[in-house]
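Report on the following structure.
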Amino acid sequence: MSESIKPDWTKADKNGTINIPDELDGLFNKLGFQLRFHTFSGKNEIQTVVDMVYIAQKYFKEHPESLNA
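Below, the structure written as structure tokens:
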């Protein structure tokens, strides 16, 4: 994604805090867990990314309103 079209919430404030929209918190937590899990699970990077894409697909099917965040 180009820097010029990234939404403002993707940028850290002066304190280094990034405020993710509430409707994306669940997805953020699920993807963060998968990323941390990868470091000790032995899964390869491709399988981890595939799993994360599946999680995102499932999340947006269950929470279509989050697409407008």
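Here our numbering is used: the first residue of the sequence shown is 445, the next is one more, and so on.
Idealized CB from N, CA, C, for every residue including glycine.
Since we're looking at a predicted model, the values are computed, not measured.
Cα separation between residue i and residue j?
i             : j              : result
aspartate 469 : proline 451    : 16 angstroms
aspartate 495 : asparagine 512 : 23 angstroms
Are residue i and residue j closer than 8 angstroms when you measure CB to CB?
i             : j             : result
glutamate 467 : glutamate 509 : yes
Open item on the list: For the pair the region 459-475 and the region 499-508, tell me if three or more CB-CB distances fall below 8 angstroms.
Closed with: yes
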